[in-house]
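Asker: Residue numbers (my numbering): 2 to 111. Every residue, glycine too, gets a C-beta built ideally from N, C-alpha and C.
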Amino acid sequence: MISPTHVKEFLVSHFPELAPELNVPENQHSLPRQLRIFAVFTQQAAEEGSLTTLKECLVVADLLRAEDEQLAHAIQNTYLRGLHFKQNAYSAQLARLLMPTQLYAVFARN
Numbered sequence: 002m003i004s005p006t007h008v009k010e011f012l013v014s015h016f017p018e019l020a021p022e023l024n025v026p027e028n029q030h031s032l033p034r035q036l037r038i039f040a041v042f043t044q045q046a047a048e049e050g051s052l053t054t055l056k057e058c059l060v061v062a063d064l065l066r067a068e069d070e071q072l073a074h075a076i077q078n079t080y081l082r083g084l085h086f087k088q089n090a091y092s093a094q095l096a097r098l099l100m101p102t103q104l105y106a107v108f109a110r111n
């Protein structure tokens with residue numbers, strides 16, 4: 002399994018603004034906490050209409066999902082469940098349009 006340190010470094014390399022929160026001691030070694038932080042960041046991008054950031058978040062989540070089977074389960078059970086895209090038609094449409102195909106297939110099953 003990929004370590005939480007690797008996931009944290011990967012997320013920070015794409016989203017440096019997450020570094021302060023991900024580097025808090027109780028977060029830096031906890032994959033579930035890291036993925037919840039990333040889900041909140043993704044949700045905020047959607048709510049703010051920052052489509053470029055939203056699309057990048059979804060691509061990064063898909064890259065993480067594809068790296069390792071256990072990480073794929075963590076993305077499904079923590080990250081995707083932290084997104085509230087099914088609550089309104091606009092968010093659901095954004096998910097469908099911006100999520101990579103494999104990630105959307107997992108999301109749609111949840």
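Starting from the C-beta of P33, find all residues in its chain whose C-beta is less than 6 Å away, skip the five residues before and the five after it, and write them out in chain order.
Answerer: Here the set comprises T79.
Asker: What does a CB cutoff of less than 7 Å around E22 pick up in its chain, not counting 5 residues either side in sequence?
Answerer: Closer than 7 Å at Cβ, skipping near neighbours: N28 and I38.
Asker: If you drop the 5 nearest sequence neighbours on each side, which residues of the same chain put their C-beta closer than 8 Å to that of S92?
Answerer: Within the same chain, S92 has close Cβ partners A47, H85 and F86.
Asker: Are L1 and A75 touching if we call contact CB-CB under 8 Å?
Answerer: With the chain represented from 2 up to 111, any question about residue 1 goes unanswered, as that position is not in the structure.
Asker: Please say whether V61 and H7 have beta carbons closer to each other than 8 Å?
Answerer: For H7 and V61, no; Cβs fall outside 8 Å.
Asker: Please give me, in chain order, every unbroken run of the alpha helix (DSSP H) with length at least 4 that falls completely inside the stretch 36-99.
Answerer: The stretch 36-99 contains these whole alpha helix (DSSP H) runs: 52-68, 70-75 and 90-99.
Asker: What does the alpha-carbon distance come out to for the pair I3 and Q77?
Answerer: Each residue's Cα considered, the two are about 15 Å apart.
Asker: When you compare the CB positions of L59 and L19, do they come within less than 8 Å of one another, or not?
Answerer: No, they are not a contact pair.
Asker: Output the boundary residues of the alpha helix (DSSP H) element that contains L12.
Answerer: Note, L12: alpha helix (DSSP H), P5 to H15.
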